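For reference, the structure is listed below as structure tokens.
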Amino acid sequence: MPADDQTPKNIAQAITEVSEKASLLVREEIELAKAEISARVTKLIRGAVVGIAAGIFVVVGLLFLLHGAAWFAWQLTDTKTSYWLGFLIVAVILFLLGALAGALAYKAMKAGSPPMPEMAIDEAKKIRETVSGPDGAPSPAGPSVAQAVRGVS
């Protein structure tokens, strides 16, 4: 008779332990997804900042180009000095910097897009396969554990 008294307690303890571990697993997977998304968003923000810098270089380059064109137009009428050449050289340098920053921004934006928690999703799929049977049926651990894990993915 004492063995019968121990069996329901052991089953209850096992169910409680499985439930607690499943809850812990779900919380840890959510934290992993948060960390992964924040890393991707950081890359996107970094790319956006470099893109803004590229835009600023292009705008300043356009200003120098227009200024150089104005000096060039003046040069066509008065040939005493060649000030326009310096403005055009600066404009070309700024356009090259803008192109470089734009290429870096494109690369950073492409690396961080889309912000999906791929590692967390893969881990949740592995857990679901482990908890589920080979035919997709819930394991003997109980449907509540499998449903909790499926809720993550």
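Numbering (the UniProt record's numbering) for the sequence shown: 1 to 153.
Glycine included, C-beta positions come from ideal geometry on N, C-alpha and C.
Keep in mind it's a predicted model, so treat the numbers as computed, not measured.
Would you check if the distance between the CB atom of residue i and the CB atom of residue j is smaller than 8 Å?
| i | j | result |
| --- | --- | --- |
| G68 | A105 | no |
| P117 | E36 | yes |
| K21 | G112 | no |
| I127 | L63 | no |
Keeping to the same chain, check which residues put their C-beta closer than 6 Å to that of residue i; ignore five residues upstream and five downstream.
| i | result |
| --- | --- |
| L65 | A91 |
| Y83 | W71 |
Rounded to whole angstroms, how far is the Cβ of residue i from the Cβ of residue j, which I believe are closer than 8 Å?
| i | j | result |
| --- | --- | --- |
| F57 | L94 | 5 Å |
| L32 | A120 | 4 Å |
| G61 | G98 | 6 Å |
| P115 | V49 | About 16 Å separates the two Cβ atoms, so there is no contact after all. |
How should residue i be labelled, buried or exposed, when 16 other C-beta atoms within 10 angstroms of its C-beta is the threshold for buried?
| i | result |
| --- | --- |
| K9 | exposed |
| E29 | buried |
| V131 | buried |
| T7 | exposed |
| A14 | exposed |
| I45 | exposed |
| A124 | buried |
| A39 | exposed |
Please list, in chain order, all residues of the same chain as residue i whose beta carbon is under 8 Å from its beta carbon, the five residues on each side excluded.
| i | result |
| --- | --- |
| A12 | none |
| R27 | none |
With a CB to CB cut of under 7 Å and the five nearest residues on each side skipped, what residues in its chain are close to residue i?
| i | result |
| --- | --- |
| G47 | A105, A108, M109, G112 |
| A53 | A101 |
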